[in-house]
Structures are given as C-alpha cells and as structure tokens.
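Numbering (our numbering), first residue to last: 10 to 258.
The C-beta atom is built at its ideal place from N, Cα and C for all residues, glycine as well.
Presented below is the structure to which this report refers.
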C-alpha cells in the first residue's frame, strides 16, 4: 500500500470487564471516530468489536443491545474471565479490519486521536503505532513510579526503545497480528506483542496523546495480583523473547 492509498477496513477493538457505566459512551465514541476516519479518506469502512471478559454487571447485556441495533457492532462473550492477555488474543483473532486499534473501554484518550495515528501509520509506512501519555499526574504517585520502573526494565531487557509500552493505544496492521502468535494471558501481552512484532521486522513508531484517567469503573492494572502475573510471564518468556530482540537487525 502506498502512502496515498486508504485502507479498506478498520476495527475498533475494546476488551471490557464490568464497564456498564461507560460502555455505551465508548461505542458511541468509536462510531464518531470511525466516521471521522471515513471523512478524512483514511479508511473506507469500520466496525466495532468488544470482547466481554465474563463481566458480572450489565456490560454484556448492554453490548448485546447495541449489537442488535447496529450491524457495525460485534460482541464476543467469554464464559470465564481470561484477564487482559486472554481477552486481547480473542479480539486480535476475531478482528476483521485491515488495521486494528486496541484500547481500553474506559476511553483513556480522545478516540479522535486515531485520525492522526492512521495518518502517521500511512505516511511512515509503519506496522504499529504505539502511543504514550503526555501527562500522567492524575494517576497518582504509586502508578507513576510502577510505570516508570516497568518501562525502564522492559526497555533495558528487550531494547524496545518505547516510552509507554503498556499504554492501551496500539494501532496495528492486521497482517502483523495474524503473523504474531502470543502466549501471555496477563498484562505482559503488550510487551510480548511489541517484542515479537519488532523481531519479525515490523516497524513501530510512537506519538504522544493527552491522557484521561479512569473516572468510572475499577482499574486493576496496578494491583499486586496483576503485577505478580506480569513478572511471572516476563520470567517465563524472557529466555524466548530476549534472543529475538537482541539479534534482530
């Protein structure tokens, strides 16, 4: 595809767990961003994919109603909670767009930023656009410290050279997702995706966005259970991933 061609299809993909307070707004924001992409000539059409990770509130019910009313909305329900990694693997396998945006259902950035991200992907002929957050002070000191330590560690271990590896703004060509088998079931999956994609020759670029901390629902990203799982998966996959990232040209 040349830098002037537009993509035939685009998928907005949201993993969701207990997001009843915001999920309708999330899907509406995806429609707004999709229409903007079409109007800008970046894509021909779009769809919205949500993977409900066995929510215990009304998230699944609300999503089923949205899907019944709009053929652009597609919902997949997990019958057991598979955490972030399992949910992303389900969504990546099911996404049908030529380009896929993965982000959180709590709208951590203005979805209209995807218009700029698509332009960057096209102009620089990149395979992945990975965004980073400009200002994270609204998260609190503990999460800022955790994030800084984690980013420093994985960039040192895997030579990723990315500012915000776990931020849920990954714009990825579907071909990359199809050719990148992933193992992680937890939040280490972001690092695994980036490592495997770059080792296979994918071009990754990054740009900054304004960040809006969660105001509805509950984040578990900085919980000790999540951190323990990340470190466990890092330890398990390190012998496989490190040689890949150290030997690529």
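Pair within 8 Å by beta-carbon distance, residue i and residue j
| i | j | result |
| --- | --- | --- |
| residue 109 | residue 126 | no |
| residue 120 | residue 251 | no |
| residue 90 | residue 56 | no |
| residue 112 | residue 177 | yes |
| residue 19 | residue 107 | yes |
| residue 269 | residue 104 | Nothing about residue 269 can be read from this structure; the chain reaches only from 10 to 258. |
| residue 173 | residue 142 | yes |
| residue 16 | residue 51 | yes |
| residue 205 | residue 253 | yes |
| residue 82 | residue 36 | yes |
Supposed contact pair residue j and residue i - C-beta distance, whole angstroms, cut 8 Å
| i | j | result |
| --- | --- | --- |
| residue 32 | residue 93 | Contact flag wrong, Cβ pair sits at about 17 Å. |
| residue 188 | residue 209 | 7 Å |
| residue 219 | residue 118 | 6 Å |
| residue 58 | residue 21 | 7 Å |
| residue 115 | residue 28 | 7 Å |
| residue 192 | residue 201 | 7 Å |
| residue 30 | residue 60 | The pair is not a contact, with the Cβ atoms about 18 Å apart (cut-off 8 Å). |
| residue 123 | residue 48 | Contact doesn't hold; Cβ gap of about 13 Å is too wide. |
| residue 132 | residue 171 | In fact, because the Cβ distance is near 19 Å, the residues do not count as touching under 8 Å. |
| residue 242 | residue 95 | Contact doesn't hold; Cβ gap of about 12 Å is too wide. |
Where residue i sits in the DSSP three-state scheme
| i | result |
| --- | --- |
| residue 15 | coil |
| residue 58 | strand |
| residue 222 | coil |
| residue 6 | Outside the shown range of the chain, which is 10 to 258, sits residue 6, and nothing can be said about it. |
| residue 258 | Bear in mind that the predicted position of residue 258 carries a pLDDT of just 45, short of 50, making it too unreliable to give a figure here. |
| residue 1 | The structure shown does not extend to residue 1, since the chain is modelled only from 10 to 258, so the question has no answer here. |
| residue 139 | strand |
| residue 247 | helix |
| residue 50 | coil |
| residue 94 | helix |
| residue 31 | coil |
| residue 87 | coil |
| residue 65 | coil |
| residue 133 | coil |
| residue 149 | coil |
To test your reading of the DSSP string, which unbroken alpha helix (DSSP H) runs of 4 or more residues are found completely within the region 164-211? You should have 183-187, 198-208.
Decide yes or no for the touch test of the region 177-186 against the region 151-167: beta carbon pairs closer than 8 Å, at least 3 of them. Too few Cβ pairs lie closer than 8 Å, so no.
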